Amino acid sequence: MPLTPLHDWNLTPREAIALQRRLAGRVERADRLAPVRHIAGVDIGFEQRGEITRAAVVVLAWSPGKLGEFEPEALEGALETVEQVVHREPTRMPYIPGLLSFREVPAALAAFDKLTVWPELVMVDGQGIAHPRRLGVASHLGLWLDLPTIGVAKSRLCGRHGEPGPARGDWTPLIDGPDDEVIGAVLRSRVGVKPLFVSPGHRVSLPSALDWVTACLRRTKLPEPTRLADRLASGSDP
């Protein structure tokens, strides 16, 4: 699907930070989702000591059904891989904390350009609005794609939180700033493992983000879309 360019990628770090602040105001934090039939998972890896960016996108068919009706154990078979794409290109920007999207999103967009099945929802291995300037990888990608996106990160970038309960599905708010803004949730996705950091990316509310991530959990820590994309981005699959 042709994309309308959002901005140029040839930016200095100072210019990139200024752009983040402007784009953050365009992120939609309320639900605006079409009926979800396909969910994409996105993850980024690197090859040749970081010289090559490897973007992986996996698209899964979501079986019809009302979100939230199922127990996690009953969801086996509700997701089926229908397409997977890997795109490699020279890395555009060195690693700079807070500017990860400028390093990763260009390759992700090129991977999406290769898809034949277009998703209605995207889960990204990274932050959404749980970012110092409220524009993590998932939010930035969502603006470019004009699709609902959810950030599913393995670690915290900013904010503070308590410890979620021990049971699968327990969560606690991730808050930031002097006004205690809720920027995400710290979700226990599996008993006995460290929690995930879930945040809205674009066109998805926090309650819906939690519902979708929980619905896509199986027997591992990560939801199935980002788990499969993580394997593909790391080179575990061809």
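Residue 57 in the numbering used here is what sits at position 56 of the sequence shown, and the numbering runs on without skipping anything.
Just so it is clear, CB atoms sit at the ideal spot from N, CA and C, and this is done for glycine as well.
Note that the structure is predicted; figures quoted are calculated from it, not measured.
How long is the line joining the alpha carbons of residue 141 and residue 117, rounded to whole angstroms? 22 Å
Are the CB atoms of residue 188 and residue 172 nearer to each other than 7 Å? yes
Does the separation of the CB atoms of residue 214 and residue 199 fall below 7 Å? yes
Can you name the residues that DSSP bridges to residue 186? 174, 199
Rounded to whole angstroms, how far is the Cβ of residue 131 from the Cβ of residue 160, which I believe are closer than 8 Å? 6 Å
Can you list, in chain order, the residues of its chain whose CB lies under 6 Å from that of residue 157, leaving out five sequence neighbours each side? 198
Roughly how many angstroms lie between the CA atoms of residue 202 and residue 34, to the nearest whole one? 12 Å
For residue 23, count neighbouring C-beta atoms within 10 Å of its own C-beta (all shown protein chains included) and say buried if the count is 16 or more, exposed if not. exposed
From 39, 95, 143, residue whose alpha carbon lies closest to that of residue 64: 39
Taking the beta carbon of residue 120 as the centre, do at least 16 other beta carbons fall within 10 Å, making it buried, or is it exposed? buried
Rank 93, 134, 111 by C-alpha distance to the C-alpha of residue 103 and give the top, closest one. 93
Can you tell me whether residue 141 is helix, strand or coil according to DSSP? helix
Is DSSP giving residue 114 helix, strand or coil here? coil
My output table needs one value for residue 205: the three-state DSSP class, helix, strand or coil. coil
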